[in-house]
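According to our numbering, the residues represented by the sequence shown are 392 to 702, in order. Taking it in order: structure first as structure tokens, then the write-up.
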Amino acid sequence: MRRYIAFTLLILLVACAGGSAKPKGVVLDSPFAGGTAGLSLEFSELRKDVFDGAGDPFDIIVKLENKGETLVSKENVLVKLSGFNPTEFDKTEAQLSLNAPDDVIELRKDPQGNLLAPPSTFVEFTALNHKGLITGATAQFTVRANACYLYRTKAVSKLCIREDLLTPEAGGICEINQDKQLHNSGAPVQFATFKENTRAKDRVGFTVEVRNSGTGGVFERNSKCNKDDRQKEGRVYVVVNTGLSGVQCTGLESTANGAEGFVTLRSGTNTLSCTQQVNTNTDFEQLVNLEAIYDYEQLIQSSFAVKSSGE
């Protein structure tokens with residue numbers, strides 16, 4: 392009988408201990424494939440040598456592949472060749488600057504978590520032809536392909552909202568003062584960190600670091616990566632949406648459920664500071680949606696030789 396009573400008490404103690412634990416916030420799984428790439432560029436079947444004398448026309452083809460998660464419309468990607476004088480190869484400058492012939496389809500993640508690779512897009516510069524005669528047996532030329540395209544980054548995180556912000560009850564559904572989970576779509580500009588803290592009895596604050604994590608350059612959206620206007624370099628249009636009213640972010644314009652405006656990345660990064668008004672009698676976690684919109688420039692470089700035709 393004593394053993395039975397002791398065993399019963401042990402079961403009750405375990406049950407009470409399990410029942411006293413309070414649930415924690417739900418882990419935020421990533422809805423994205425992720426990564427820090429946008430478009431990748433590659434010369435496709437670039438001839439290493441051609442002949443002079445206007446008798447050996449050739450093509451330069453640039454292969455575009457979307458490694459990120461933003462569809463790039465054909466009118467929003469421009470590929471430009473440089474490194475040699477267009478007139479020497481029977482072309483104008485305008486003929487060496489082309490839009491993609493088709494939309495550049497994005498990488499996709501399906502509901503089962505499988506990654507669906509997109510088809511490649513090819514930008515073709517055709518019928519280049521070295522008109523003159525070179526001096527000597529061969530001459531080396533550099534060819535560079537610059538691509539400027541409109542891209543965007545989407546990210547998601549969570550705010551912890553508590554009934555009592557200053558002295559929240561221990562063991563609550565979430566903690567306010569900590570770094571938060573943050574998931575980004577595949578793109579060269581990333582929201583690198585998301586930190587929340589208590590600002591007042593009716594306000595929480597959060598900071599978000601915006602960073603150029605790719606190898607190219609950032610420019611203001613729809614600027615065509617124009618380097619003549621230095622004020623457009625490093626400019627990213629950021630949208631913050633908490634789904635709650637009363638959001639203020641330094642340097643941004645407040646909207647119904649968030650804030651938006653331009654952020655300039657200095658040395659490739661900038662930290663955005665926001666405040667969220669809170670008026671609630673309950674504890675909950677609130678999803679925060681972030682978006683960055685920008686032009687992005689990348690380049691590749693190679694070389695080819697023009698050989699004497701002997702004429």
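Built from N, CA and C at the ideal position, the CB exists for glycine as well. It should be emphasised that the depicted structure is a prediction, and the values quoted were computed from it without experimental measurement.
With contact defined as three or more Cβ pairs closer than 8 Å, the segment 511 to 528 and the segment 566 to 575 are not in contact. A Cβ-Cβ separation of about 5 Å places Gly577 in contact with Ala424 under the 8 Å criterion. Less than 7 Å divides the Cβ of Val495 from the Cβ of Val468. Look at Lys623 here: in three-state DSSP terms it is helix. Residues Val697 of the same chain have their beta carbon placed closer than 6 Å to that of Ala530, with the five preceding and five following residues left out of the count. Across the structure, Leu430 and Lys458 are spaced so that their CA atoms are roughly 6 Å apart.
Between Glu456 and Ser511 the beta-carbon gap is near 5 Å, inside 8 Å, which marks them as a contact. Within the same chain, Cβ atoms closer than 6 Å to the Cβ of Ile684 are found at Arg543, Arg612, Tyr628, the five residues on either side in sequence being excluded.
By the Cβ criterion, the segment 629 to 636 is in contact with the segment 648 to 659, since at least three pairs of Cβ atoms, one from each stretch, lie closer than 8 Å. By the Cβ neighbour-count rule, Thr633 is buried, with 16 or more other Cβ atoms within 10 Å of its own. Exposed is the label assigned to Lys592, since fewer than 16 other Cβ atoms lie within 10 Å of its Cβ. Cα atoms of Phe434 and Gln689: separation of roughly 13 Å, rounded to the nearest angstrom.
Within the segment 448 to 527, complete beta strand (DSSP E) segments of at least 3 residues are found at 449 to 457, 468 to 473, 488 to 490, 512 to 519, given in chain order. Between Arg438 and Gln692, the C-beta spacing is not below 7 Å.
DSSP places Glu676 within a strand segment (E or B) once states are collapsed to three. Classified as exposed, Lys618 has fewer than 16 neighbouring CB atoms from the shown chains inside 10 Å of its CB.
Annotation note: the segment 532 to 559 contains no uninterrupted alpha helix (DSSP H) run of length 4 or greater. Between the segment 595 to 609 and the segment 663 to 673 there are three or more C-beta pairs closer than 8 Å, enough to call the two in contact. In the three-state scheme derived from DSSP, where H, G and I count as helix and E and B as strand, Gly649 is classed as strand. Taking 7 Å as the cut-off, the Cβ atoms of Glu460 and Glu515 do not count as close. Residue state for Leu635 is assigned as coil, using DSSP reduced to three classes.
Comparing C-alpha distances from Asp686 to each of Leu678, Val547, Thr646, Leu656 shows the shortest one belongs to Leu656. At the C-beta level, Lys549 and Leu678 come within 7 Å of one another.
Cβ contact annotation for Asn588 (same chain, cutoff 6 Å, sequence separation greater than five): Asn568, Gly596, in chain order. No Cβ-Cβ contact shorter than 7 Å links Asp450 with Thr533. In terms of Cβ geometry, Tyr540 and Val470 do not form a close pair [threshold 7 Å]. In the three-state reduction of the DSSP assignment, Lys439 falls in the coil class. Note: Gln692 is bridge-paired with Arg535 in the DSSP secondary-structure output.
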